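Working notes, beginning with the structure itself.
Below you can see the structure in the form of structure tokens.
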């Protein structure tokens with residue numbers, strides 16, 4: 163039997179966030195626990211956060227059925243066929259907000275516009291925060307969140 167719980171927005175910390183202490187002996191176990199927390203419980207990462215550091219937190223929402231199908235429909239064999247463009251689209255349609263991300267001393271503010279009836283992050287914002295490894299990780303996280311969870 164499938165029992166589906168509809169999840170809302172999820173918090174995500176980039177695995178390359180400079181505030182994470184990857185040398186901590188419990189990092190791998192703690193990171194796994196964070197990733198397994200469906201809502202993205204950032205407090206789980208406290209023991210492996212460098213003293214005085216603030217982690218950048220991305221708030222993501224699952225994709226709509228239409229958007230998920232449009233992105234995954236281009237991947238012939240599944241996730242391994244996704245392009246940077248596909249993952250960037252996943253980020254654009256799922257990113258709701260970001261905390262503690264600054265550019266030249268100014269906090270990044272996520273702004274949206276409507277595209278085919280859905281909120282999408284403005285291109286200017288995406289260009290400011292773009293890093294290919296960040297977008298790969300966020301995009302894959304979003305696509306995973308947009309599926310049924312058992």
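In my numbering, the protein residues as written are 163 to 312. From the three backbone atoms N, C-alpha and C, an ideal C-beta is built for every residue, glycine too. Since this is a predicted model, take the numbers as computed values, not measurements.
{"Check": "Inter-stretch contact at 8 Å, needing at least 3 Cβ pairs: the region 181–192 / the region 207–220", "Outcome": "yes"}
{"Check": "Beta-carbon separation (whole angstroms), residue 175 vs residue 204, contact threshold 8 Å", "Outcome": "6 Å"}
{"Check": "Every unbroken alpha helix (DSSP H) inside the region 183–258 [4 residues or more]", "Outcome": "189–198, 227–234 and 246–256"}
{"Check": "Expected contact under 8 Å - CB spacing of residue 195 and residue 206 to nearest Å", "Outcome": "5 Å"}
{"Check": "Helix, strand or coil at residue 309 [DSSP, three-state]", "Outcome": "coil"}
{"Check": "Own chain, CB closer than 7 Å to residue 284, minus 5 neighbours either side, in chain order", "Outcome": "273, 274 and 275"}
{"Check": "Span of the beta strand (DSSP E), counted from its first residue to its last, around residue 281", "Outcome": "280–283"}
{"Check": "Where residue 265 falls, given that 16 or more other Cβ within 10 Å makes a residue buried", "Outcome": "exposed"}
{"Check": "Where residue 218 falls, given that 16 or more other Cβ within 10 Å makes a residue buried", "Outcome": "buried"}
{"Check": "Residues of its chain near residue 263, where Cβ-Cβ distance is below 6 Å and the 5 sequence neighbours each way are ignored", "Outcome": "218 and 270"}
{"Check": "Counted within 10 angstroms of its Cβ, other Cβ atoms place residue 312 as buried (16 or more) or exposed", "Outcome": "Low confidence applies to residue 312: its pLDDT is 43, below 50, so where it sits in the model is not reliable, and the reading given next is rough at best. Under this definition residue 312 is an exposed residue."}
{"Check": "CA nearest to the CA of residue 282, picked from 291, 254 and 267", "Outcome": "254"}
{"Check": "Contact belief for residue 223 with residue 258 at Cβ below 8 Å, rounded distance in angstroms", "Outcome": "6 Å"}
{"Check": "Three-state class that DSSP yields for residue 299 in the structure shown", "Outcome": "helix"}
{"Check": "Own chain residues within Cβ distance below 7 Å of residue 290, not counting five before or after", "Outcome": "265 and 270"}
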